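**Student:** Numbered according to the numbering used here, the first sequence spans residues 3 to 856.
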Amino acid sequence: MNDASAETNQAQRYNPAEIEPRWQAAWDADESLYRAEGHESGKPKYYCLEMLPYPSGQLHMGHVRNYAIGDALARFMWMRGYNVLHPMGWDAFGLPAENAALKNHTPPREWTLLNIAAMRQQMRRMGLSYDWSTEVTTCLPEYYRWNQWIFLKMVEKGLAYRKKSKVNWCDLCQTVLANEQVVGGCCWRHEDNPVEQRDLTQWFLRITEYAEELLQGLDKLDGWPEKVRTMQRNWIGRSDGTLVDFAVVGHEEKLTVFTTRVDTIFGATSVQLAPEHPVAKAFAAEDAALAVQIEQLLDEQKRAREAGDVGAIEKHGVDTGRFAVNPFTGQLVPIWVANYILADYGTGAVMSVPAHDERDFEFATKYGLAVKRVIVPAAGTNSAEEPALPYTAEDGAVVIDSGQWTGESCVEAQAKMAAFAKEKGFGTPTVTYRLKDWGVSRQRYWGTPIPMVYCERGHDGVEPGGVVPLPESALPVMLPAQVEITQQGGSPLGRVAEFVNTTCPVCGGPARRETDTMDTFVDSSWYFYRYTDAKNETAPFASEKANYWFPIDQYIGGVEHAILHLIYSRFWTKVMRDIGLIKNDEPAERLFTQGMVVKDGAKMSKSKGNVVSPNDMIERYGADATRMYALFAAPPDRDLEWQEDGVAGISRFLSRVYRLVTKYGATRPAGATRTADSASRDGERSVVEQKLLRTLHQTFAKITQDFSGRWHFNTSISSIMILVNEIAASEAAMDAGEISPAAIAAVFDGLTLLLAPFAPFMAAELWQQMGHEGAIFRAQWPVADEELAREDEIEIPVQANGKLVNVVKVPAGSDEAAVKAAALADARVIARLDGKAVVKVIVVPGKLVNLVVK
RNA sequence: GCGGAGGUGGCGAAAUUGGCAGACGCACUAGCUUGAGGUGCUAGCGCCGCAAGGCAUAGGGGUUCAAGUCCCCUCCUCCGCACCA
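Now the structure itself:
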C-alpha cells in the first residue's frame, strides 16, 4: 500500500469540514464500533457515564465540555483494553415541552422527539463515542412504565404515600415543587419567582426512611468531591438532641420541645411556639385578640419565607399569658409564640435559654425576659469566670446552678440529663433530620402518570373515593396523546375524560385516575440502570446485567445536581436494592463535577447575550478543535472562560499536526511492523533521534498519568504540543535522513494515538492515512519505555542563599559529590560569589545546589 | 454567621513530594513569507533598569539553606447552607 516513496513529502492541508463528516458517516454506519460487550468479553468492565441532557434541541457549551471529558475517558479506557459502557439518553419529560406546546401548538411528544433527533445529530457531529443501541428516552412508555412499576413497589412497601401538607407551589410552573427544587425561596426554574406554601394532598416518597443510610454512606464515597458530600450532609441535616415534655398549666396536652442543648435547660426562661403549633392554635381558639396577633406572626413568617430570607426576619413574639412547667426544675415559665420558630422543624416548639443562645438572647432582651446563666468555662481554662452573654460554648464548658448536674461538663450533662428525662418519662434522646420526604406529584401533563385510581363507590377496605393501586398488568398507564395544554391551574390530565374515567381494578366499579404526574427527577433517578438492558420488555432491567456493570465507575456532570439528582438517585438505588433488583448500595463509585463554561466572566445565558453556539464553533473550526479547546483552556473541575481566539489556536495546532503527519507519517521501514513501538534499537541513534524518542516516551508517561490521576487534560494537551513543537524542530533532521524510518514511524504513530481521545476525527483520519488497518480506538494505548524516556544529562540550578546564580549540566544520576564539584567549579558561579566564603553547601541530588554564603 | 473552592503576567493558565516562578496557548511587537477574507515561519514578550542587577505569586508576619507551596493574622472573589432550636 503505502511504500515509503510516493506519498512521502506530500504535506496536506487540514480541512476538518471534509474529514469530520466523512468519518462521522463511517462511524454512524458501524454500529459495533462503540458497542459495549457483555460480561463474557472477559475484559475488565468500565462504566463511563455523563449526565443525560434535557432535550432542549440545542447542545450548549456546558454539554460540549461535559461530553468531551467523558468521551476522552471512554476512548482512553477502550484503548487500555477495557470493556466500556458509554451510553447516552434523554431526560425527556418536563415543562419546556408544555410551554412549547402553548407557544407553537406542537404536541409535547413531537416537539421532544424532534429535539432529540436534532441533539443526537449534534452529538454525532461532535464525534462522541456513544453506544446508541442502549439509548434511553424517558418520555416513552417503554421507559416510564418502569417508573410506574417501581412506584407500585414503593406503595407496597409503604415508601410511597399520600398526605396533605404544606407544599411549595410555583405559579409560573403551575405545579408543586419538591423542597430540593426550591432555591433561596424561589423556584429552581424561575429564580426570581418566590414559591408559595399551599396545603395540598400529594404523593410523597419516604426518602427520610433512608436518611441515616444516605448520611453514613457519604463517608464511604471517597471518589466523590468533598463539596458534594458536604452539601448532601447539610441537606440531610442530622441533629442529635432531646425531646422534653413541658406540662401546660390548665391544659391537658403536653408541650414537647426539641433541643440540642438539654444541658442548659435550667436556664430556660420561656417556651417559644411556632405560630402554627397546635397548642398555639388551641390558645388562639380561646382568645380572639391572641388569635389576631398569632395570625400576624404567621404572616410575617410566610412573607419572609417567600422572600427566601427567613434569616433576616425581625423577631417578634407575643406572650400567651399561659405557663408551662419545666420538668427539671418544676418552675413555671411563660409560653410565647414567635415568628422565627418553624413548625416543620423539630417539634415546632423550643425552650428558650437566653443566656446560652444568640437568638434567645436577642429575643429575651427585646421583651425583657429573664436571663439565667447555667454554664461557665471549665476551671483551668483561661477565660474569665463569667464571659459575656450569650455564652454558647459546649466543649470546655461546665454546668452550674443545675441541681444534681452542677459541675458536670456540658457534654456529659447532656447525656445524663437526657437519660434522666427518659427514666422519669418526660423526655427522650432523639435524632431529627432536616431532610423531608420527597413530594413527587406534579400538576402537569408531560410526565409519568401515577398508576393509582380512586374508587368512587369504595369497597371492602377502601372508603368511597379511596386510593387503589393498579395491578402490574395494567401498566403502562399511557399518557393520552390528545391533551389541551392551557395555562389555567389544575392537572391538564384532569380535563381528559377518557383518561380520568376508568374502573376500579378491585371491585370493577367506577373510578377516577390520579391526574398528577411524577416529578421528572423520578425519571433520572434510575435511568443509568436501564442503559444496561435498555430494551427489556418484562422488567426495568435484568439484575444480572446491572450487577455486571454497577456501580458506575465514573459519573461526570455539573455540580448543580449535588442535592437534587444525586441524592434522589442514591435513594433510588437503595430502594431498588431492598426490592432485590440490584446488589450495590451506591450508584457511582466516582463522581466528577466539571466547572461551568463562562464568557466574559459570566455564565452563558440568553438574557446576558453571551452564548456561544457549539454549532458555530464546529462549523468554523471543526469538532476536534472545539472539543480539544474545551479540554485545554482550563482544568476540567474549574470554570472555563470561552475565548474564540483560543479555539483558533487549537485549530492552528491541529493544522500543524496534520501537515507533519501527512508529510512524514507514511515513512516506514520496509517490512517492519507498524506499531507504536516499532522503533528498533538496532544500531547507533543520532542525538536528535534520541531526543525525539525521549520526548515521545515522556509524553506517553505524562498523559497516561493524567488520565489515571488528576484529569488535568489541559496539561496533557500542552505536553502533546511540546512533542509536536519538537517534531517540527526536527524537520530538517528528518529530511536529512538523520532520523531512522523506524523512529519516524514510532513518533507519528505515537502522536496519533495520543491524539485519539482528544481529537478522534483527526486521529482516525491520520491512522488510516498512515496505512493502519482497523479503528484507532481499538489500538493499544502506548506504554512509555523508561529506558527511552530517561534523560542522560540534567540541568541543576545553583543558588546562593536561595537565589539563582547559574544552571550547570551534569550527567543524570551524578552523586552528591560530583554535583557539588560541578557547581563550585562553574566559572559564573565563582564570579558571582566574588570571593565570599561558602559556609555550607546543600545538594539535593537531581534537583539543585544551594550555597550558603556569608 | 457556618462550610467549601479560589486570588500567580495584558488574558486562559503551568509549577504531584517545599527546590530554576510563569511550561503550553492566546493577545501583542518586530522581521521575513504569502497574498489581499482567520496563511506560514523567525525572534521578542512579568515589572524596573542602557546594563550589571534588583523586585515580583492578594497584603502582613513566621518557619527553613530554600516558600506560590508549610504555619499565624488580615483582605478580596465565587459557590453552597443559614434564626434548624
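The beta-carbon is built from N, C-alpha and C at its ideal position, and this holds for glycine as well.
Remember, predicted model here, so these are calculated numbers, not experimental data.
Here's the rule: buried if 16 or more other CB atoms are within 10 angstroms of the residue's CB, otherwise exposed. What is H107?
**Tutor:** With fewer than 16 Cβ atoms within 10 Å of its Cβ, H107 is classed as exposed.
**Student:** Residue range of the beta strand (DSSP E) that R200 falls in?
**Tutor:** It spans 198-207 - the beta strand (DSSP E) in which R200 sits, taken as one unbroken run.
**Student:** Whose CA, out of N716, G463, T754, lies closest to the CA of G667?
**Tutor:** Comparing Cα-Cα distances from G667 to each of N716, G463, T754, the minimum goes to T754.
**Student:** Excluding sequence positions up to five away, which residues of its chain have a Cβ less than 8 angstroms from the Cβ of A635?
**Tutor:** The residues are L642, E643, W644, Q645, G648, N716.
**Student:** Determine the direct distance from the alpha carbon of V845 to that of R834, and round the result to whole angstroms.
**Tutor:** R834 and V845: Cα-Cα distance of roughly 18 angstroms.
**Student:** Hey, quick one: how far does the alpha helix (DSSP H) through Q770 stretch, first residue to last?
**Tutor:** That run of the alpha helix (DSSP H) goes 762-771.
**Student:** Given that a residue counts as buried once 16 or more other Cβ atoms are within 10 Å of its Cβ, and exposed if not, what is S43?
**Tutor:** Exposed, by the Cβ-count rule.
**Student:** Around the Cβ of K155, are there at least 16 other Cβ atoms within 10 angstroms (buried) or fewer (exposed)?
**Tutor:** Burial call: buried.
**Student:** Quick one: Cα of S571 to Cα of Q700, how far?
**Tutor:** Taking the straight line joining both Cα atoms gives about 41 angstroms.
**Student:** For E665, does the count of other Cβ atoms within 10 angstroms reach 16, so buried, or fall short, so exposed?
**Tutor:** For the sequence presented, residue 665 should be read as Lys rather than Glu. Flag for K665 reads buried.
**Student:** Tell me which residue opens and which closes the beta strand (DSSP E) that E795 is part of.
**Tutor:** It spans 795-802 - the beta strand (DSSP E) in which E795 sits, taken as one unbroken run.
**Student:** Below 8 angstroms on the Cβ atoms is my guess for F260 versus T434; work out the distance and round it to an integer in Å.
**Tutor:** Contact flag correct, Cβ pair sits at about 6 angstroms.
**Student:** Please state whether DSSP places T505 in a helix, a strand or coil.
**Tutor:** It is a strand residue.
**Student:** According to DSSP, is A351 part of a helix, a strand, or is it coil?
**Tutor:** Reduced to three states, the DSSP call for A351 is strand.
**Student:** Starting from M520, follow its DSSP beta bridges and name the residues at the other end.
**Tutor:** According to DSSP, which records beta bridges pairwise, M520 is partnered with S443.
**Student:** Leaving out five residues on either side along the sequence, give the residues of the same chain with a beta carbon under 8 angstroms from the beta carbon of L756.
**Tutor:** Excluding residues within five positions, the ones whose Cβ falls inside 8 angstroms are T701, F702, I705, I722, L725, P784.
**Student:** Considering only DSSP beta bridges, list what T261 is partnered with.
**Tutor:** Answer is T244, bridged to T261.
**Student:** By how many angstroms is the C-alpha of T540 removed from the C-alpha of A474?
**Tutor:** The residue you asked about is not Ala; residue 474 is Glu in the sequence shown. Cα-Cα distance, rounded: 11 angstroms.
**Student:** Return the first residue and the last residue of the alpha helix (DSSP H) that P280 is part of.
**Tutor:** 280-288 is the span of the alpha helix (DSSP H), which, as asked, contains P280.
**Student:** Might you give, ordered along the chain, the residues of its own chain that have their beta carbon closer than 8 angstroms to the beta carbon of Y132, omitting 5 neighbours on each side?
**Tutor:** Correct list, in chain order: Y36, H88, P89, M90, M125.
**Student:** Quick check on the DSSP output: what are the complete beta strand (DSSP E) runs of length 3 or more inside the region 33-83, in order along the chain?
**Tutor:** Taking only runs of at least 3 residues, the beta strand (DSSP E) segments lying wholly in the region 33-83 are 47-52.
**Student:** Would the region 613-621 count as touching the region 565-582 if we require 3 or more Cβ pairs under 8 angstroms?
**Tutor:** Short answer: they don't touch.
**Student:** Taking only three categories from DSSP, how would you classify C412?
**Tutor:** Looking at C412 - three-state DSSP - the assignment turns out to be helix.
**Student:** Three or more C-beta pairs under 8 angstroms: does that hold for the region 280-294 against the region 162-169?
**Tutor:** The region 280-294, when compared against the region 162-169, does not touch it at the 8 angstroms Cβ threshold.
**Student:** Does the Cβ of L790 have 16 or more other Cβ atoms within 10 Å, making it buried, or fewer, making it exposed?
**Tutor:** Burial call: buried.
**Student:** Within the region 536-613, note down every full beta strand (DSSP E) run reaching 3 residues or more, in order along the chain.
**Tutor:** Qualifying beta strand (DSSP E) stretches, in chain order: 556-560, 593-596, 599-601.
**Student:** Closer than 7 angstroms by C-beta to N149: which residues in its own chain qualify, once you throw out the five before and the five after it? Chain order, please.
**Tutor:** Excluding residues within five positions, the ones whose Cβ falls inside 7 angstroms are T450, M520, V524, D525.
**Student:** May I have the straight-line CA-CA distance separating A499 from D201, to the nearest angstrom?
**Tutor:** Going from the Cα of A499 to the Cα of D201 covers about 26 angstroms.
**Student:** Residues in the same chain with beta-carbon distance under 8 angstroms from P466, minus the five sequence neighbours each way, listed in chain order, please.
**Tutor:** Counting only Cβ-Cβ distances below 8 angstroms, and skipping sequence neighbours, we find C457, E458, R459, G460.
**Student:** Where do the N-terminal and C-terminal ends of the beta strand (DSSP E) with W338 fall, by residue?
**Tutor:** W338 -> beta strand (DSSP E) spans 334-340.
**Student:** Taking only the alpha-carbon atoms, compute the straight-line gap between L437 and E214 and give it to the nearest angstrom.
**Tutor:** If you take the alpha carbons of L437 and E214, they lie about 10 angstroms apart.
**Student:** Could you check the C-alpha separation between M233 and L217 for me, to the nearest Å?
**Tutor:** Between M233 and L217, the C-alpha separation is close to 11 angstroms.
**Student:** Pull up the distance between the alpha-carbon of E691 and that of A747, whole angstroms please.
**Tutor:** Cα to Cα, the separation comes out at about 12 angstroms.
**Student:** I need the straight-line Cα distance from G711 to V663, nearest angstrom please.
**Tutor:** Taking the straight line joining both Cα atoms gives about 29 angstroms.
**Student:** Going by DSSP, what residues sit across from M454 in a beta bridge?
**Tutor:** Paired residues: P471.
**Student:** Below 6 angstroms CB to CB, which residues in the same chain sit around D708 once its five sequence neighbours on both sides are set aside?
**Tutor:** Around D708: H714, S718.
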